Structures are given as structure tokens and as C-alpha cells.
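Remarks on the structure that follows.
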Amino acid sequence: MTGAVLPASPAGAPGPEAVASPWRLAARRFARHRPAVVAAVVLVLLALACVAAPWIAPHPPNRQDLLLGPVPPNRQHWLGTDELGRDQLSRLLHAGRISLQIGLAVGVLSTAFGTAVGAVAGYAGRVADQVLMRITDLFLVLPAIAVLAIALKRFGRSQLVIVVVLAALFWMYVARVVRAEVLALREKEFVEAARAAGASGVRIVVRHLLPNVVGVVAVNATLAVALAIITESTLSFLGFGVQPPATSWGVMLADAEGYVGTGQAYLLYGPGAAILLTVLCVNFIGDGLRAALDPRAGLR
Amino acid sequence: MSGPGPVGPGAGGAPALRIESLGVTVPGPVGPVRVVEDVSLRVAPGETLGLVGESGSGKTMTALAVMGLLPREARRVGTIELGGTRLDTATERDLERIRGRRLAIVFQGSLGVLNPVMRVGDQVAEAIRVGGVTSAAARAARVRDLLDLVGIPDPARWAHRYPHELSGGMRQRVAIAMAIANEPDVLIADEATTALDVTVQAQVLDVLRRIQARTATAILFISHDLGVVAGAAQRVAVMYAGRIVEDGPVDELFAAPHHPYTAGLLAALPRLDGQRPVRARLGAIPGQPARAGQAPAGCPFHPRCAVAKIPDPCATRRPEPAMAGDGRLVACHRAVEIAAGTLDPGPETGGEPGSMAAPLPARSAPRGPDGEAPLLTVEGLVTTFPVRTGRRRRPAGRIEAVAGVDLHLHRGEALGVVGESGCGKSTLARSVLRLVEPDRGRVLLGGRDVRAAGRVELRRLRQRAQIVFQDPDASLNPRMSVGTIVAEPLRIHGRWDRDGPARVRDLLQRVGLDASALHRYPHELSGGQRQRVAIARALAVGPDLLVLDEPVTALDTSVQAGVLNLLADLQATLGLAYLLIAHDLAVVRHTCDRVAVMFLGRIVETGPVGEVFDRPAHPYTQALRSAVPIPDPPVERARRRIILHGDPPSPLDPPSGCRFRTRCWRADDRCATEVPALADRGGGHPVACHHPGPGPEG
Amino acid sequence: MEVPGRTVLTFAARRALVAVPVVLVASFLSFWFVRLTVDPTAKVRQSRDPEAVARLRTQLRLDDPIVVQYGAWVARALRGDLGTSERTGEPVATMIRRALWTTTQLVAWGLAAAGVVAVAVGVYSALRAGSVGDHLLTTLAFVALAMPPFWLGLLAIQVLAIDLTRWLGLSEPLFFFVGLHSGDGSGFTLDYLRHLVLPVMTLTVGIVAEWSRFQRAAMLEVLSADYIRTARAKGLPRRRVIVRHALRNALLPLVTVAALDVGLLFGGVIVTEEIFAIPGMGRLFVDSLRVGDAPVLVAWTVVTAAFVIAANVVADLAYGMLDPRVRVS
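Listed in order, the protein sequences are those of chains A, B and C.
By the count of the working numbering, the first sequence reaches residue 874 at its end, each step adding exactly one.
By the count of the working numbering, the second sequence reaches residue 704 at its end, each step adding exactly one.
By the count of the working numbering, the third sequence reaches residue 415 at its end, each step adding exactly one.
Structure follows, in C-alpha cells:
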């Protein structure tokens with residue numbers, strides 16, 4: 575019987591394996607992507623350190639020691655102190671909490687909302703689709719920083735507000751990408767087959783479209799988080815974002831700006847490197863996800 | 007091709023192309039893979055050698071090796087000689103000088119085969135410049151000559167166009183023009199006609215024939231289509247898993263294949279000329295073609311071979327090619343017995359393990375009009391699409407994909423709808439099921455009006471008619487397991503209960519799949535298996551009607567036969583009605599009771615298969631039939647072909663009156679003003695033509 | 087029969103025409119957005135004089151429907167009057183004109199430099215895909231994409247201007263980091279270029295990384311296309327295949343991407359001009375937003391929106407001229 579002879583998995587997975595679901599294969603491919611795995615580990619450690627800041631920071635972040643003044647990095651103060659004598663390492667960890675929280679929250683919110691809207695618009699098509707496209711088109715015309723800065727000035731600067739305002743803009747990018755992906759999927763025959771079998775629109779979106787969109791969504795989620803972190807730090811740097819006494823990495827850099835070219839230039843490196851490291855890790859994870867879920871690897 | 011060329015390998019004078027022990031290795035996921043192994047071929051000047059093989063056989067790699075266009079990571083061994091020049095030892099610069107001049111290739115046609123941002127004429131001129139013509143004026147003149155030679159009307163005008171403005175057939179002809187610009191000694195045609203409509207294919211083959219007659223070019227004709235090769239080649243070499251398994255003169259090889267694989271391929275072909283009893287079991291070769299690097303030890307074909315002697319020697323020793331009389335080369339351990347006639351290599355006798363070895367149950371004659379009402383009635387169906395042009399995608403008119411179609415189908419009957427690309431047959435299939443909304447007309451399924459059905463009624467109707475698509479890759483959700491896919495229709499219609507899993511297992515077995523497929527995912531299955539899953543899914547809710555849109559087109563020949571057998575089995579045991587859409591007339595002849603021929607949205611002829619295909623009355627049907635290659639070399643050569651002129655009319659701007667008139671040799675003024683109705687004009691079956699009658703082939 | 091010139095012109099005209107309503111709507115929405123978020127009477131409110139507030143409200147017609155307000159604004163704008171800055175008292179039109187000229191220089195240089203570098207890097211990486219150089223460039227791109235641009239600016243000043251000068255023992259920095267000209271200087275001089283290097287670098291680091299990766303992918307895709315195989319099979323020399331066939335197709339997609347990034351650049355200048363004290367649109371924005379200078383902000387958003395849309399139209403036109411598949415309509 576022709577079908578009785580089941581072949582070993584096609585070129586890719588060596589030898590027959592128990593259940594080679596697409597998800598498991600993807601997980602395996604991710605694990606093989608070394609930069610992504612390393613990045614994931616580093617990121618988790620960094621996040622844990624920041625979350626544990628109140629307990630592991632060597633000094634209270636806001637304690638001033640005017641007698642001490644600014645000192646370059648030494649054994650008591652690994653990253654030195656600023657002119658108010660505040661320990662930079664402690665400040666870095668506490669600031670990291672805020673920056674990471676905002677970044678992650680914006681990433682999750684905007685991805686969730688953007689995916690839902692994009693999927694519906696892409697599948698339902700025509701009116702809903704056009705409306706979505708026109709609205710997002712218009713918002714994409716002005717530079718994001720400008721729009722966000724203006725909005726933040728109006729609505730206040732609490733962490734919650736910052737998250738909401740950023741997410742309110744970012745979801746549009748996600749929605750556009752998801753919409754494009756759904757439009758492409760909609761024409762695929764397995765969707766037509768589902769329709770021919772009598773499946774309702776909801777069923778098609780939930781059971782057929784969304785699972786196949788996951789790859790794109792995951793990658794975009796990482797991009798959103800990365801972008802959110804950079805955007806928040808930029809806004810804070812300009813003075814439009816997080817306000818003292820709360821601090822984020824961007825705020826720390828704003829403080830450090832005045833010391834470029836002076837003996838306190840060391841204040842620059844810590845927060846900037848922290849942002850760089852975080853975003854780099856997030857991007858590598860995104861790259862790993864892309865490699866894991868890439869349709870060209872034979873899953874679509 | 008005029009007359010039999012030099013016969014047998016090594017016979018005749020110096021070969022135009024000589025390949026000796028060619029091997030190609032490419033890096034694979036778990037180590038290097040031999041995609042071509044120990045291939046030796048010879049083509050004499052003026053001769054056409056057909057190279058036949060399915061996917062994974064290594065034929066394209068062979069062509070690329072000759073051209074020196076292998077991917078960077080590939081390694082090659084062996085000798086390649088063009089005339090007197092060694093190609094395997096030549097430097098890249100030498101090769102550049104030879105390519106396009108003494109050696110040329112035409113690839114499988116696609117939209118991307120020509121540079122999209124360069125004018126057609128400029129691209130042809132580039133090829134001419136390679137040959138050393140420096141004067142721009144001389145080049146321009148030669149471009150026009152070449153385009154004219156390959157059959158492009160109004161060459162001066164088309165030379166200014168861009169590739170996307172040309173049809174597939176025209177692009178392929180331009181590709182040929184570029185290849186022959188400098189009258190090469192050897193021309194390689196790698197599936198050059200595969201992507202083309204059958205009538206266009208006939209035109210292109212005609213062009214190749216004329217060119218070869220003029221310049222004595224040696225042609226290496228690579229194809230998976232045995233019918234085309236039968237008419238085009240004097241000698242044929244068959245490749246499997248990177249090796250040559252048989253090589254010999256075309257007539258003898260087709261009449262009495264010595265290698266079980268060749269025999270299998272021939273037995274798997276449905277025949278247009280009625281040489282095989284209707285719905286007789288095709289010789290399906292079990293399994294799927296071995297991919298390079300996955301070939302088992304010993305003879306690569308032995309797991310699928312009908313006459314393999316296991317384990318010794320077929321599973322342990324690799325057979326070497328050996329001369330087998332009448333100028334043939336065969337690589338088979340049992341070649342001697344086969345050649346002597348004491349052993350039949352074909353799969354029919356071997357049978358398939360575990361399957362119904364008996365021929366199919368005789369089919370009772372389909373219910374005629376005197377029986378009950380038809381299961382499916384279509385009247386005056388019209389489906390249009392808006393035309394989107396430019397990037398702004400503003401609709402600028404509508405295409406009538408289906409322009410008024412009537413048909414009917416009885417329970418248990420199989421109706422085939424044939425036509426070339428753009429004729430609207432796929433749209434027709436989708437319109438009948440309301441996957442695409444028709445504009446006008448009536449569709450009655452089991453007496454109920456499909457078009458007027460509301461959401462609930464439509465859902466219920468969907469249980470009575472299901473569809474199987476062409477591309478098994480795209481028609482299964484890659485993230486769902488086979489079991490889930492097949493079960494889904496049951497869940498949708500609320501028929502999933504405790505018996506559900508058993509029912510799914512039963513369905514899978516019915517389509518010839520092991521129960522273990524339940525947990526597999528589509529990417530783990532072969533094309534043939536995926537198509538079986540699609541069929542199982544379609545059968546889940548127990549429909550009366552199955553619409554099949556090109557169900558076997560995407561499958562290899564040997565796999566295709568298995569699925570066709572399955573479809574015949576199912577029809578016999580379940581009493582299904584089929585609406586089979588296909589461009590392959592032979593498939594329709596083999597599987598269907600009746601056929602409807604479509605052209606540009608209209609049905610031009612319909613009737614019982616035997617009648618329509620043996621005695622076609624409509625000129626288009628005649629041309630279509632004439633263009634379909636038959637895998638019987640003497641018959642092929644003797645045929646009088648109808649070669650249509652020009653290109654198929656565009657659906658955007660169909661001709662007035664009879665839409666076929668611009669290509670019809672019988673057309674007159676009446677054809678331009680009056681649309682011929684589909685009616686019986688004395689031929690025994692309905693024809694839509696003002697001048698029906700027998701064609702040149704009778 | 088076919089007159090190529092005319093088709094291109096009609097295409098261009100049609101595209102430009104479509105852009106006008108877009109500009110109107112976008113500018114209206116920007117106007118509305120700013121009106122909603124930035125209260126023009128904020129400063130006057132501080133005087134606690136209700137009369138003054140009421141007077142201002144009537145003067146600015148703040149109680150009229152928003153569309154009317156917009157209409158009035160547009161009418162005045164077409165006459166060249168964009169209002170007066172609350173912060174400096176200058177006519178807004180003058181401020182914007184000055185700032186726009188400065189920023190345009192920065193953006194133009196940025197686009198040019200980014201384009202050249204990105205194409206070079208992308209094409210090289212594609213042709214030498216998998217090599218050490220390719221991996222190195224990819225890693226660099228990753229780092230560049232992860233780097234907050236303003237930090238790069240500060241680092242650049244610290245390392246390339248200040249530290250470098252010290253290490254090399256120079257009397258004045260190699261690269262300047264304040265404004266675009268020294269003192270009263272103007273025009274295209276070496277001094278000008280030395281002022282440009284660091285800001286342009288800061289501004290473009292992100293897009294160079296993005297474009298070069300994109301170009302690499304586009305080039306790789308083109309190189310594996312069927313028509314490249316055809317070209318090689320014709321016997322064309324490798325260089326001609328790459329330049330005439332591959333590049334010609336691979337550069338096309340970058341045009342679209344570049345157009346979409348103009349908006350990004352206008353956002354980037356906000357930070358870059360702040361760091362390098364360049365008196366352009368970015369600085370204008372920050373200064374105005376800090377104090378809530380409504381007239382300037384309104385004009386700023388409308389002008390920026392118009393600019394970005396115009397850039398998109400230009401890119402569309404360029405693409406339409408380069409890709410014949412799009413032209414036919």
C-alpha cells in the first residue's frame with residue numbers, strides 16, 4: 575500500500591522522531607541558535623538583577639553623600655558616584671527596573687492589541703482594512719518621538735501613562751505587519767479548504783490564521799520591546815519621559831550629558847552600556863525566533 | 007524530428023556532447039549528498055537525447071554541471087566534452103566564452119526567467135552581442151529575425167516591451183531566442199515546456215524542431231513528461247536517484263522497457279488514446295521517488311521495484327550499466343531475464359503489497375438522464391472578477407472568468423472539465439461551491455439552490471459537496487496534525503462524538519494511509535501522502551459530490567497513478583460523484599465518464615469521454631487533442647499536428663461572438679457576430695461551434 | 087505607439103495630485119492633535135486674569151469648531167503668517183524657515199552618506215555571504231541597531247572629539263561638535279564638513295544598519311533569481327551580470343524603505359540637534375515643547391507632516407520611474 579511506507583522526516587531532522595510537531599521543531603531550532611540562547615540567559619540575569627535591586631544594590635540609590643562628591647569607579651562604588659555622591663551602580667539597577675518594566679509592558683500590550691486588530695482587519699478585509707490602514711498611515715507621518723513627547727506633556731509622566739501612550743502608538747506598527755501577513759495567508763488553500771468545510775470566520779482566524787502568524791508576531795514582539803526601551807530612554811533623555819525622583823537609564827544619561835569632556839565622563843558609560851546590552855540581547859532573541867519560526871525552513 | 011538519428015550510445019561520428027562518469031555532490035544537513043552519480047551520456051549533432059526523471063532524479067543538476075552553473079558549494083567529478091573541448095577542466099573565463107555561443111540552455115519557464123527591468127529586445131540583443139556582433143543596427147535586425155523565427159508576431163513591437171507584459175509562452179519563446187542567437191552546437195532544454203499550456207507547448211516544440219532541422223543542433227531534452235519525450239527524442243536516458251538506469255533508442259525503450267522503473271513509469275501513465283481500458287488500474291509504483299542522498303544501499307530502486315530480488319543482489323550490490331542488445335544500456339541485476347522476455351518488469355504483475363490486487367470493480371454505466379434528477383445542475387453560471395491594475399489597485403473593468411456555463415452531474419458519475427490556463431475551470435469549481443461568489447446563474451445541489459442559500463443552509467450544503475485542491479503543500483494547515491485536519495470538518499458540523507477518532511482512523515485507512523499518520527504533521531509527509539490526507543478530509547462528512555481541482559498535477563508521475571487509483575476505488579465503493587478539473591486530458595480520459603471542454607469561460611464541447619476524445623467536433627478540442635503528446639514514439643512521430651497560431655486571447659478582452667475564432671482555421675464572419683450555442687449538431691454530443699466536424703486527425 | 091515620457095509624466099502627476107488631500111488631512115489632524123494637547127492659554131492662565139484668558143480665547147478663536155480654526159490657520163499660513171512665538175516673540179514663519187534650512191542640510195547629508203555606505207556594505211555582504219567579513223559586518227549592524235542614538239552621539243563627542251584630540255596631541259578637535267559652523271562662518275568649507283561628521287554619524291547609525299541588512303537580503307534574493315541564471319547561461323561576464331542584472335533589481339526595494347525612513351530621520355534630528363547644539367527643526371521642537379509654545383508647535387507639526395508626505399511621493403515617483411512593472415496603469 576502506497577501510504578504504508580512512511581518516510582523518515584525529510585532532509586532536516588535526522589532519523590524518525592516521536593512527534594515532530596512544528597512547535598517542537600521550532601524550539602529545537604531556537605536552541606541551536608547560539609547567540610539567541612546566550613542572549614536569553616544574559617537578559618534573564620540582567621532582568622533578575624534589576625528586579626532584585628532593592629535587595630542586592632550596595633547602596634540606596636538616592637542617598638546623597640555631598641562630602642564624597644563625584645568619584646571615579648573604585649572598590650566601594652563599582653561605577654563611581656555622581657556629584658551628589660550617589661552610587662551609580664545602585665542607581666543603575668533601580669533605573670533598570672523602570673526601564674525594563676516599561677519596555678516589556680509596552681511590548682506586550684502593543685503586540686497583543688496590534689495582533690488582534692491586524693488579524694481582524696486582514697481577514698475581514700475591505701472596510702475594516704481600509705480604516706485601519708488610513709488611520710495608521712496618518713499617525714506614521716509624524717516622527718514618533720514628536721508625537722509621544724507632545725502626548726506625554728499633556729497626559730503626565732507617571733509610569734503607567736508612559737506605558738499607555740507608547741503602546742497606543744506602537745500597536746499600529748504591529749497591526750500593519752500582522753495585517754500584511756494575514757492577507758497573504760488568507761489566499762492560501764488551507765484557509766479556502768476550511769471555508770469549504772463550512773468553518774466560520776472566527777474559527778478560521780483563531781484556529782488557522784493566528785497559529786501561522788505566531789512566527790511573525792513573536793519576532794515583532796521583540797522588536798517592539800527593543801524599540802520601546804530605546805524610545806523611553808530617548809524621551810527621558812530629552813526630559814519628556816520619566817521624571818525625577820524616579821529614574822531610568824535615559825534619565826541617568828540626561829544627568830551625565832553635562833559631564834561630557836570633564837573628569838566625570840565615566841558617568842556616561844554605565845547606563846548607555848546597559849541599554850545597549852539589553853537591546854542587543856532582545857534583538858538576538860528576536861533573530862533566534864526568526865530562525866526558529868522561519869517558513870523557509872520548510873514548515874509552510 | 008526528421009528520421010531516426012544515430013542509434014545507440016557511441017554509434018555514429020564524434021558526439022556534440024559527451025559526458026563520462028559525471029558525479030555531483032552538494033553539502034547536505036547531515037553530510038555531503040551525491041545528487042548525480044556516474045552519469046554518462048552522448049548526444050550526436052542533429053540528434054535529440056531525452057533525459058527523463060522525476061523530482062530528485064538529478065537531471066537538472068546534470069544540466070547545470072554541463073553549463074558550469076552549479077552552486078558554489080557543489081563538487082563535481084567526471085568528464086564533460088563539448089565537441090573537442092573539455093568543459094570540466096575549463097576555467098570560468100573559458101566557460102563564459104563558450105556559454106551562449108557553442109552551448110546554450112533554456113530553463114523551465116517562469117515569470118522570473120527574464121530580467122524584469124530590462125526590455126525584451128535588449129536582453130536578446132545582449133545574447134547576440136556575446137556572439138561578437140558589434141553594430142547596434144545589425145543587432146537590432148538580428149533581434150527581429152530571431153523573434154520572428156521563434157514565432158513571436160510583430161517582433162519590432164514586442165522587442166520594446168518588458169517581460170511582465172508577455173505571456174508565459176512568449177517569454178519562453180524569448181528565452182529560446184536568446185539561447186539560439188548564436189547557433190549553438192548543443193542546446194539543453196531543462197523542462198522547457200513543462201510550465202506551458204499544451205497548445206503553447208506544441209508551438210514551442212515545433213520551434214525547436216525547425217531550429218534543429220536548420221542548424222543540426224544537438225539537443226539534450228530534459229523532461230519528466232514521457233509523452234513529450236516520445237515525440238521529441240531519438241534516444242532516451244532514464245534517471246533515478248542521480249543515476250542512469252536505462253538508455254536506449256526511443257522506439258525500443260517505450261515498446262519494451264528493460265528496467266523496472268522505466269516499465270513502472272510507462273505503466274503509470276493514463277492514456278489519451280484509449281489504449282488502456284477505462285479505469286483499469288494504473289501501475290502505481292509504491293512509495294515516492296528516492297531523493298538524492300536518501301537512496302538505499304544496493305540498487306536505489308529496489309524498495310519500490312516489482313521484481314527486486316531481496317536481499318541479494320538487489321539490496322546489497324549496486325547494478326552497473328551494461329549493454330543489453332539493440333543498443334541499450336540497462337543498470338539492473340535482472341536485466342538479462344527481462345531482455346530475454348522471461349520476466350515482466352512492470353508493476354502490474356508484481357502487484358502492490360496489501361492492496362486490492364484485482365482490477366477495479368466493473369463500473370456500472372453512469373445514471374443517464376432517464377434515471378433520477380442530476381445531483382448537480384449548473385445553469386448559465388457567470389462569475390466575474392474586477393481587474394486590478396497598477397499599484398493603486400483601482401478596479402478598471404471586470405474579467406468574465408466563467409461566461410455562461412451549463413452542466414449537470416448525476417450521482418456516482420465523474421465529469422471532467424478540461425481546458426488550458428485562463429479558461430476559467432478553477433473558477434468554475436469554486437463558483438459551484440460558492441467559495442467564490444458567482445454573479446449570475448443557478449446552481450442546484452441535490453435539488454437545493456446553492457446561490458440562494460443562507461448561512462445555515464449553506465453550511466448544511468457544504469456537507470454534501472467537498473473540494474480537493476491542487477497543491478497539497480498549501481492545502482493543509484502546517485500547524486495542525488493530520489488527525490486534527492481530518493477531524494475538523496466533523497467538529498465544524500457538530501458530528502464529533504465518541505466515535506470520532508475511530509472514524510478518522512477509518513478514513514485514513516480508506517485513503518491508503520497508515521493509522522500512525524494520525525499524529526504526523528504535513529511537513530513530514532510526501533506530496534502524494536498529503537494529497538491523500540486532503541482527500542480524507544474531504545470525505546470526512548460523507549459528501550455526495552467531490553470537486554477535485556487539478557488533484558494530481560503537482561505530483562510525480564509514479565505517485566500520481568496511486569492517487570488516481572485511489573480516486574477510482576473511492577468512487578466505486580462510495581458511489582461518489584466527481585467534478586474533476588484538469589488540464590491533462592489523459593487523466594480525464596482515464597478517470598471520468600463525461601468531459602466538458604472549456605475555452606475562455608465557455609464550454610465548447612461536452613459528451614462521453616470516448617466520443618469527445620476520439621471524435622472531437624470542435625476545432626479547439628481537436629487542437630487540444632492534437633497537442634497532447636502520447637507516449638508511443640511511432641504514433642507520436644506519425645501524427646499530423648494542428649499548430650495554432652498566435653497566442654491565446656486575453657480574458658480581459660475576449661473576441662466577440664465565438665471566442666475561439668481568432669485562433670480557428672474554420673472561422674468566418676458569422677463566428678464574429680453570433681455566439682454559437684452548445685447544442686447537438688449531429689455529432690452525437692453537444693458542441694458550441696458554427697462549423698463542427700472532424701479534424702485532420704479524424 | 088508607446089511614448090514612455092508621457093506615461094511617466096501622467097503617473098507622476100497623478101501621484102502628486104493624490105498627495106494633496108493626504109497633506110490636508112494629515113496637517114489637519116496634526117493641528118487638532120496639538121490643539122488638544124498643548125494649551126495656548128497656559129501661560130496667560132498663570133496671570134490669573136480671567137479677562138486676559140477670555141481675550142486670548144477670542145483672539146485665537148478657540149471656541150470655534152476645530153475645522154474652522156484649522157481653516158483660519160491655513161488661510162493665514164498661505165499668506166505667510168504662521169503666528170508669533172510665545173517664547174521668543176519672533177514670527178514663527180521666520181523661525182521655521184531658518185530651522186528647516188539647517189535641518190534639511192543635515193538630513194540630506196545623512197541620506198546621501200547612509201545610502202552610499204548601506205549599499206556598499208549590503209552588496210559586499212551579499213557577494214561574500216558567509217565569509218568572515220560578512221559575519222563581522224552583521225555583528226556590527228546588530229550593535230548599531232541596539233545602540234541608543236543619543237548615547238552614540240555623546241560617546242562620539244567624548245571619544246572622537248575630546249579624547250582623540252588629547253591622544254593625538256592636537257590643538258583643536260578633529261571633529262567639531264557644536265553647531266554647523268564655527269563662529270560666524272558659513273558656506274561649504276572644510277570647517278563645515280568637520281562640523282558635519284559627528285552629527286551625521288549619530289543621525290544615521292540606525293538607518294545605515296537597517297538599510298545595509300535590507301540591501302544584503304535584497305541582493306541575495308536577486309542573486310538566486312531565475313533571470314540571473316539565464317544571464318550567466320547567456321555567457322555574460324560576471325561583472326556585467328552583477329551590475330546590469332543583479333544590482334539594477336536589487337536597488338529598487340531600498341527606495342521604498344528609504345522613503346519610509348524619512349519620518350524616522352525627522353525624529354532622529356530631534357535628539358541629534360539637541361546634543362550637538364544645531365539650531366534646526368529638532369532643537370526648535372524641543373525648546374518649544376519645553377515651554378508649551380503652541381503657535382510654533384502647530385506650525386512645526388504641519389510642516390513636518392507635509393515634508394514627510396512629500397518625501398514619500400518623491401520616493402513613489404522614483405520607484406515608478408525605475409520599475410516598469412509599476413508604471414503600467
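Glycine included, every Cβ here is placed at the ideal spot set by N, Cα and C.
Since the structure is predicted, the reported quantities are computational estimates derived from the model, not experimental observations.
Assign Thr31(B) to one of three DSSP states: helix, strand, or coil.
Counting from 1 along the second sequence, the entry for residue 31(B) is found at position 25. Strand.
For Pro682(B), count neighbouring C-beta atoms within 10 Å of its own C-beta (all shown protein chains included) and say buried if the count is 16 or more, exposed if not.
By 1-based counting over the second sequence, the position of residue 682(B) is 676. Counting Cβ neighbours within 10 Å, Pro682(B) comes out buried, since at least 16 surround it.
Let's test the definition: count the other Cβ atoms within 10 Å of the Cβ of Leu622(A) and tell me whether it reaches 16, buried, or not, exposed.
Counting from 1 along the first sequence, the entry for residue 622(A) is found at position 48. With fewer than 16 Cβ atoms within 10 Å of its Cβ, Leu622(A) is classed as exposed.
Which two residues bound the contiguous alpha helix (DSSP H) that contains Val721(A)?
Start at 1 with the first residue of the first sequence, and residue 721(A) comes out as number 147. Note, Val721(A): alpha helix (DSSP H), 718-729.
8 Å Cβ cutoff, Asp512(B) in contact with chain A:
Residue numbering aside, residue 512(B) sits at position 506 when the second sequence is read from its first letter. Chain A, which has no Cβ nearer than 8 Å to the Cβ of Asp512(B), makes this no.
Is the Cβ of Leu338(C) closer than 8 Å to any Cβ of chain A?
For the purposes of this step, residue 338(C) is taken as the residue at position 252 of the third sequence. It does not; no Cβ of chain A falls within 8 Å.
Whole angstroms are fine: how far does the CA of Leu47(B) sit from the CA of Gly56(B)?
Walking along the second sequence from the start, residue 56(B) turns up at place 50. Walking along the second sequence from the start, residue 47(B) turns up at place 41. Distance between the alpha carbons of Gly56(B) and Leu47(B) is about 10 Å.
According to the Cβ coordinates, are Ala219(B) and Glu763(A) closer than 8 Å?
Sequence index remark: in the second sequence, residue 219(B) carries index 213 (1-based). Sequence index remark: in the first sequence, residue 763(A) carries index 189 (1-based). Against a cut-off of 8 Å, the Cβ pair of Glu763(A) and Ala219(B) comes out as no contact.
Sequence-distant residues of its chain with Cβ nearer than 8 Å to Glu176(C) (five each side left out)
Counting from 1 along the third sequence, the entry for residue 176(C) is found at position 90. The residues are Thr170.
Taking Ala242(C) and Leu284(C) to be in contact with their CB atoms under 8 Å, please state how far apart those CB atoms are, rounded to whole angstroms.
Counted from its first residue, the third sequence places residue 242(C) at position 156. Counted from its first residue, the third sequence places residue 284(C) at position 198. The Cβ separation is near 5 Å, so the contact holds.
Whether or not the segment 257-275 of chain B and the segment 543-556 of chain B are in contact is what I'm after, with contact meaning three or more pairs of Cβ atoms, one per stretch, closer than 8 Å; do they touch?
no
Where DSSP assigns a beta bridge to Gln472(B), which residues make up the other side?
Start at 1 with the first residue of the second sequence, and residue 472(B) comes out as number 466. Paired residue(s): Leu552(B).
Mapping the DSSP letters down to three states, classify Phe227(B) as helix, strand or coil.
Here residue 227(B) corresponds to residue number 221 of the second sequence, with the count starting at 1. DSSP places Phe227(B) in strand when its eight states are reduced to three.
So is Leu153(B) in contact with chain C if we call contact Cβ pairs under 8 Å?
Residue numbering aside, residue 153(B) sits at position 147 when the second sequence is read from its first letter. No - not a single Cβ of chain C is within 8 Å of the one on Leu153(B).
What does Leu441(B) reach in chain A if we use C-beta pairs closer than 8 Å?
Taking the second sequence and counting its residues from 1, the one referred to as residue 441(B) is at position 435. Simply Glu766, Arg769, Ala770.
Candidates Arg177(B), Met176(B), Ile186(B), Pro122(B): which alpha carbon is nearest Ala133(B)'s?
Counting from 1 along the second sequence, the entry for residue 133(B) is found at position 127. If we check each option's Cα against that of Ala133(B), Ile186(B) comes out closest.
How close, in whole Å, do the beta carbons of Cys598(B) and Val610(B) come, if the pair is a contact with beta carbons under 8 Å?
Residue numbering aside, residue 598(B) sits at position 592 when the second sequence is read from its first letter. Residue numbering aside, residue 610(B) sits at position 604 when the second sequence is read from its first letter. Their Cβ separation, rounded to whole angstroms, is 17 Å, which puts Cys598(B) and Val610(B) out of contact at 8 Å.
So, using beta-carbon positions, are Ile293(C) and Ala105(C) closer together than 8 Å?
Here residue 293(C) refers to the residue found at position 207 when the third sequence is read from its first residue. Here residue 105(C) refers to the residue found at position 19 when the third sequence is read from its first residue. No, the pair does not count as a contact, with Cβ atoms beyond the cut-off.
For Ala848(A) and Asp518(B), the rounded distance between their alpha carbons
Numbered from 1 along the second sequence, position 512 holds the residue referred to as residue 518(B). Numbered from 1 along the first sequence, position 274 holds the residue referred to as residue 848(A). First, the residue type needs correcting, since residue 518(B) is Gly and not Asp in the sequence shown. Taking the straight line from one Cα to the other gives about 59 Å.
What's the call for Asp674(B), buried or exposed, on a 16-neighbour Cβ count within 10 Å?
By 1-based counting over the second sequence, the position of residue 674(B) is 668. By the neighbour-count rule (16 or more Cβ atoms within 10 Å), Asp674(B) is not buried but exposed.
Please identify the residue among Ile648(B), Trp671(B), Ala694(B) whose C-alpha is closest to the C-alpha of Leu211(B).
Taking the first residue of the second sequence as 1, we reach residue 211(B) at position 205. Here the closest residue by C-alpha is Ile648(B).
DSSP beta-bridge partners of Thr85(B):
Within the second sequence, numbered from 1, the residue matching residue 85(B) stands at position 79. Paired residue(s): Glu26(B).
Can you tell me whether DSSP reads Ala330(B) as helix, strand or coil?
Along the second sequence, one-based indexing puts residue 330(B) at 324. Three-state result, Ala330(B): coil.
Using a Cβ-Cβ distance cut-off of 8 Å, determine whether Ser171(C) contacts chain A.
As a first step, residue 171(C) is located in the third sequence; it is residue number 85 there, counting from the start. Closer than 8 Å: no.
Which chain C residues sit within Cβ distance under 9 Å of Thr710(A)?
By 1-based counting over the first sequence, the position of residue 710(A) is 136. Residues of chain C passing the Cβ test: none, with the nearest at roughly 12 Å.
Residues in the same chain with beta-carbon distance under 7 Å from Ala629(B), minus the five sequence neighbours each way, listed in chain order, please.
What you label residue 629(B) is simply residue 623 of the second sequence in a count that begins at 1. Closer than 7 Å at Cβ, skipping near neighbours: Thr205, Ile648, Leu650.
Specify, as a first and last residue, the run of the beta strand (DSSP E) that Ala602(B) falls within.
Numbered from its first residue, the second sequence carries residue 602(B) at position 596. Its beta strand (DSSP E) spans residues 600-605.
What does Gly349(C) touch in chain A if you count any residue whose Cβ is under 9 Å from its own?
Residue 349(C) sits at position 263 when you count from the first residue of the third sequence. Those within 9 Å of Gly349(C) in chain A are Leu714, Val715, Leu716, Pro717, Ala718.
Is there at least one Cβ from chain A nearer than 8 Å to Trp187(C)'s Cβ?
Residue numbering aside, residue 187(C) sits at position 101 when the third sequence is read from its first letter. It does not: the Cβ of Trp187(C) has no partner Cβ on chain A nearer than 8 Å.
Is the shortest distance between the beta-carbon of Gly396(B) and the beta-carbons of chain C less than 8 Å?
Numbered from 1 along the second sequence, position 390 holds the residue referred to as residue 396(B). Annotation note: pLDDT 48 at Gly396(B) (below 50); position unreliable, no value reported.
To which residues of the same chain is Ala368(B) closer than 8 Å at the C-beta, ignoring the five residues directly before and after it?
Along the second sequence, one-based indexing puts residue 368(B) at 362. Any reading at Ala368(B) is ruled out, since the residue's pLDDT is 46, under 50, leaving its predicted position unreliable.
So Glu755(A) contacts chain B; which residues on that side make the cut at Cβ distance below 7 Å?
Numbered from 1 along the first sequence, position 181 holds the residue referred to as residue 755(A). Chain B residues near Glu755(A): none, gap ~14 Å exceeds 7 Å.
Span of the alpha helix (DSSP H), counted from its first residue to its last, around Thr852(A):
In the first sequence, the residue the question calls residue 852(A) occupies position 278. Segment 843-867, the alpha helix (DSSP H) holding Thr852(A).
Please state whether the Cβ-Cβ distance between Ala458(B) and Leu467(B) is less than 8 Å.
Locating residue 458(B) in the second sequence gives position 452, where the first residue counts as 1. Locating residue 467(B) in the second sequence gives position 461, where the first residue counts as 1. Contact flag unset, no.
For Gly654(A), which residues does DSSP report across the bridge?
Translated into the one-based positions of the first sequence, residue 654(A) becomes position 80. Gly654(A) pairs with nothing; no bridge assigned.
For Ala69(B) and Gly59(B), what's the separation of their Cα atoms in angstroms?
Against the second sequence, residue 69(B) aligns to sequence position 63. Against the second sequence, residue 59(B) aligns to sequence position 53. Going from the Cα of Ala69(B) to the Cα of Gly59(B) covers about 13 Å.
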